Amino acid sequence: MSVSDLKARDLMLIDIVYVRPDEKVAAVDLLMVRKSLGGVPILEYKTDKLVGIVTQRDIMLSRFRTSIAGMSVSNLMTKNPITVAPNASIKEILNLMLSHHIERLPVIDNDKLIGIIEPESILYAVHKKISSKE
167 MSVSDLKARD LMLIDIVYVR PDEKVAAVDL LMVRKSLGGV PILEYKTDKL
217 VGIVTQRDIM LSRFRTSIAG MSVSNLMTKN PITVAPNASI KEILNLMLSH
267 HIERLPVIDN DKLIGIIEPE SILYAVHKKI SSKE
């Protein structure tokens, strides 16, 4: 198996920190800072369905436009984010991330969030694949 054979399931992080739509932006911001996260997926309460994603950049930019005091993350999130299936190829993943300028790509299986792909997780998987061939 070569690097070009890697799939989303090989690249994704599975220890996912997520938040709920009604959580306050300030609390989500603090969570991301404390856990060194650039963004978090937002899951619906009853179904755990992915409804959005919010990034540190989203929060930073919103501070210039409006007060975030008391604002729920649902008011700031990117709704219906681009996602991939577990069998998506590394080529498809890289094309999506580059063409849409995104750094976090949720992996969805049967309407459930099962992982998230970030540039660092791609680098780790590629490095692991290359190192195993030496």
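Sequential numbering from 167 applies to the sequence shown in our numbering. Even glycine gets a Cβ: it sits at the ideal position worked out from N, Cα and C. All of these numbers come straight from a predicted model, not from anything done at the bench.
Residue span of the alpha helix (DSSP H) that contains residue i, given as start and end
{"i": "Ile288", "result": "Pro285 to Ser298"}
{"i": "Asp195", "result": "Val191 to Arg200"}
{"i": "Ile108", "result": "A query on residue 108 cannot be resolved here, the shown segment of the chain reaching from 167 to 300 and no further."}
{"i": "Leu177", "result": "Ala174 to Leu177"}
Cα-Cα separation, residue i to residue j
{"i": "Met237", "j": "Leu209", "result": "17 Å"}
{"i": "Val194", "j": "His267", "result": "22 Å"}
{"i": "Lys294", "j": "Thr221", "result": "27 Å"}
{"i": "Lys212", "j": "Asn261", "result": "33 Å"}
{"i": "Lys190", "j": "Thr249", "result": "24 Å"}
{"i": "Leu197", "j": "Ser298", "result": "35 Å"}
Buried/exposed call for residue i, threshold 16 Cβ in 10 Å
{"i": "Gly205", "result": "buried"}
{"i": "Leu289", "result": "exposed"}
{"i": "Arg223", "result": "exposed"}
Delimiting residues of the beta strand (DSSP E) encompassing residue i
{"i": "Leu209", "result": "Gly205 to Leu209"}
Other residues of its chain near residue i: CB distance less than 6 Å, five sequence neighbours each side excluded
{"i": "Val292", "result": "Val169"}
{"i": "Ile180", "result": "Gly281"}
8 Å Cβ shell around residue i - same chain, five flanking residues per side excluded
{"i": "Lys257", "result": "Ser170"}
Neighbourhood of residue i by C-beta, 7 Å cutoff - its chain only, sequence neighbours within 5 removed
{"i": "Ser255", "result": "Lys173"}
*3-residue-minimum beta strand (DSSP E) runs that sit fully inside the stretch 233-284, ordered along the chain*: Runs of the beta strand (DSSP E) inside the stretch 233-284: 271-275 and 278-283.
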